[in-house]
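To start, the structure under review is shown below, and the notes come after it.
Chains as they are written, first to last, in my numbering: chain A, 221 to 427; chain B, 221 to 427; chain C, 221 to 427.
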């Protein structure tokens, strides 16, 4: 229940950030709806395709798709305010990341997969929406350069799995993961924590 | 039956436009066949994957794939004529869009999905081939900038669904949708109808 | 058994070349693992999704994913040596291509598909990993320009199918295909054999 409410907040916020990316590429309303939806529900879609988990969430519940399309189009009129509320959106995005990670973990667990696949499922749910957004808008994917993002999805998923393993009940595990994951992501943004990066000169090509 | 003939004309025409895009990227014959096939049958493939509708059309009927590969390779020899026949190809592309939209609607209806999902299915079938072509050839997707295209797929699907809902028989609904959809698309090209677009300055980034 | 050992060698080598591409894009460790895994097991993943062949290989055997992630991260420390061993990697990549092609052919055969679909399955398994790597790293896909690559996958698959059709046993057909396919690919690299390419002036656009 809590997770459903947070999920709707999460996809709405993600759809709005997706719409801004579409706007920077001067897309029309259809493009805005496409990028908004891909950003918000693309991660879950890729996860379900990889796991063979049909029907997809938004095919079963088309209202989720309606929400992301409407949020996308509304953003075209509210862009100035959305940008002013940048701090709020960073918080909502952090919250969405943890919610998506927990949902991704639960879906793979429900299918009886290995813990490592549950964590990959969390990762895909949390991260691939942004990857799709950047592919469609032809930007070098942000999640591959930025402050800890994918790592937060993995840690959150591992924490949630670990708490369940220790016998903690689902509600407590969910709320604990939400709090710890959110604080970890906000700390990563605040203190610019990054994974080590790998830089190779172009001459170092195998091709 | 009519739909099958029009479908084959549609995928042939789409494959030839895909091959021209590959030619502008100086691809080899394999690249030409890949882009031709992705353009012509990529939309239906993405639709079937999203809906979990297996086996895919071209896996069940490999001759469709053979047609797109052959059309692609023939285009490398006929490029000058294809380009001279630009007007014909715009008409065939418009026809293909409506055929793909009706087929997409039918597939989702046959699986018992909500009307909104049937329209999304039409949209994906009609539009994602071109999106894939532009992603592989690294062009900013045309359907996100151009005259009404995705909208025509949605309107055609909605019209077809509405006519069936009103008790019109399938043949009449199909032919009516083909005519109205085709005229709508040609009018959009002729009069340069576009959706409003959303332009955002780069400084307006959340990132 | 032989095929399993060669498969693990193949995905390790592919993961390392993927990691080098990620390094040229200055990605972080997560990006390195993503590109390494997409390069090594992305082809098989796309094949299984197209054929509806679930669960995916790495979902069933998460250790394959672990291998590609570890190989990717190790490459960040070993990049100089990997580049010095360029000749070895070209050989391992050629071997991997044939192994992937045989495995792709077997999967489609096991599902009872037409010979043409078995060859497409080989092609997708062998080629799409590199395509995904180049899409994520935003390079024009190498397999669409380079020496015979996709063609080697097709020929290997056709040879394997033909030998089985002639009543040759599976082990002999596999080993023969490995040898012929490997020599064909190495000859293509050595003598720069290419498919004819299709070049079109930009003015020749339909759009």
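Where a beta carbon is used, it is the ideal one built from N, C-alpha and C, also for glycine.
List the residues of chain C that residue i touches, going by C-beta distances under 8 Å, in chain order.
| i | result |
| --- | --- |
| residue 371 (chain A) | 250 |
| residue 256 (chain B) | Those do not exist, as residue 256 (chain B) stays about 11 Å from chain C at its closest Cβ, beyond 8 Å. |
| residue 260 (chain B) | The contacting residues do not exist; residue 260 (chain B) stays about 14 Å from chain C at best. |
Using a cut-off of 8 Å between C-beta atoms, extract the partners of residue i located in chain A.
| i | result |
| --- | --- |
| residue 243 (chain C) | 418, 419, 420, 424 |
Which bits of chain B does residue i rub up against, with CB to CB less than 8 Å?
| i | result |
| --- | --- |
| residue 414 (chain C) | 248 |
Can you tell me the Cα-Cα spacing of residue i and residue j, whole angstroms?
| i | j | result |
| --- | --- | --- |
| residue 370 (chain B) | residue 250 (chain A) | 7 Å |
| residue 455 (chain A) | residue 258 (chain A) | Here chain A comprises residues numbered 221 to 427, so residue 455 (chain A) is not present and cannot be evaluated. |
| residue 379 (chain C) | residue 311 (chain C) | 20 Å |
| residue 227 (chain C) | residue 268 (chain A) | 26 Å |
| residue 404 (chain C) | residue 332 (chain C) | 28 Å |
| residue 316 (chain A) | residue 401 (chain A) | 10 Å |
| residue 359 (chain B) | residue 411 (chain C) | 32 Å |
| residue 232 (chain B) | residue 224 (chain B) | 12 Å |
| residue 243 (chain A) | residue 354 (chain A) | 13 Å |
| residue 421 (chain B) | residue 306 (chain A) | 15 Å |
| residue 374 (chain B) | residue 406 (chain B) | 15 Å |
| residue 270 (chain C) | residue 352 (chain C) | 15 Å |
| residue 222 (chain B) | residue 356 (chain C) | 41 Å |
| residue 303 (chain B) | residue 340 (chain C) | 30 Å |
| residue 334 (chain C) | residue 266 (chain A) | 28 Å |
| residue 308 (chain C) | residue 256 (chain C) | 18 Å |
| residue 294 (chain C) | residue 284 (chain C) | 15 Å |
| residue 417 (chain A) | residue 372 (chain B) | 45 Å |
| residue 338 (chain C) | residue 376 (chain C) | 11 Å |
| residue 280 (chain A) | residue 296 (chain C) | 43 Å |
| residue 388 (chain A) | residue 398 (chain A) | 15 Å |
| residue 419 (chain A) | residue 291 (chain C) | 16 Å |
| residue 264 (chain B) | residue 272 (chain C) | 15 Å |
| residue 300 (chain B) | residue 245 (chain B) | 16 Å |
| residue 298 (chain A) | residue 241 (chain A) | 14 Å |
| residue 427 (chain A) | residue 327 (chain C) | At residue 427 (chain A) the pLDDT is 49, less than 50, meaning the model places this residue with poor confidence; the figure from the coordinates comes in the next sentence. Straight-line Cα distance between these residues: approximately 30 Å. |
Return the Cβ separation of residue i and residue j in integer angstroms, given the expectation that the two are a contact with Cβ distance under 8 Å.
| i | j | result |
| --- | --- | --- |
| residue 289 (chain C) | residue 253 (chain C) | 4 Å |
| residue 319 (chain C) | residue 262 (chain C) | With a Cβ gap of about 15 Å, residue 319 (chain C) and residue 262 (chain C) do not count as contacting. |
| residue 367 (chain C) | residue 408 (chain C) | 4 Å |
| residue 282 (chain B) | residue 336 (chain C) | 4 Å |
| residue 349 (chain A) | residue 286 (chain A) | With 8 Å as the limit, residue 349 (chain A) and residue 286 (chain A) do not qualify as a contact, their Cβ atoms being about 17 Å apart. |
For residue i, which residues in chain B fall below 7 Å Cβ to Cβ?
| i | result |
| --- | --- |
| residue 345 (chain A) | Neighbours of residue 345 (chain A) on chain B: none; closest Cβ ~16 Å, over 7 Å. |
key: Cβ pair count under 8 Å reaching 3, the region 341 to 351 of chain C against the region 320 to 333 of chain C   = Look at the beta carbons and you see the region 341 to 351 of chain C touching the region 320 to 333 of chain C: at least three pairs across the two are nearer than 8 Å.
request  = Decide if the region 234 to 249 of chain B is in contact with the region 272 to 282 of chain B; the criterion is three or more beta carbon pairs, one per stretch, under 8 Å apart.
outcome  = Result no; under three Cβ-Cβ pairs closer than 8 Å.
task = Evaluate the contact criterion for the region 393 to 411 of chain A versus the region 374 to 384 of chain A: three or more CB pairs, one atom per stretch, below 8 Å.
result = Yes: at least three Cβ pairs fall under 8 Å.
query = Looking at chain C, which residues of the region 262 to 294 of chain A have a Cβ within less than 8 Å of any of its Cβ atoms?
reply = Of all residues in the region 262 to 294 of chain A, 269, 270, 271, 272 have a Cβ within less than 8 Å of some Cβ in chain C.
Residues from the region 323 to 339 of chain B in contact with chain A, defined by Cβ distance under 7 Å = Shown in chain order are the members of the region 323 to 339 of chain B whose Cβ falls below 7 Å from a Cβ of chain A: 333, 334, 336, 337.
inquiry  = Using a Cβ-Cβ cutoff of 8 Å, what residues of the region 227 to 241 of chain C are near chain A? List them in chain order.
reply    = Taken in chain order, the members of the region 227 to 241 of chain C whose beta-carbon sits within less than 8 Å of a beta-carbon on chain A are 237, 239, 240.
request  = Check each residue of the region 387 to 405 of chain B: if its Cβ is closer than 8 Å to any Cβ of chain C, include it; give the result in chain order.
outcome  = Contact annotation: in the region 387 to 405 of chain B, no residue has its CB less than 8 Å from a CB in chain C.
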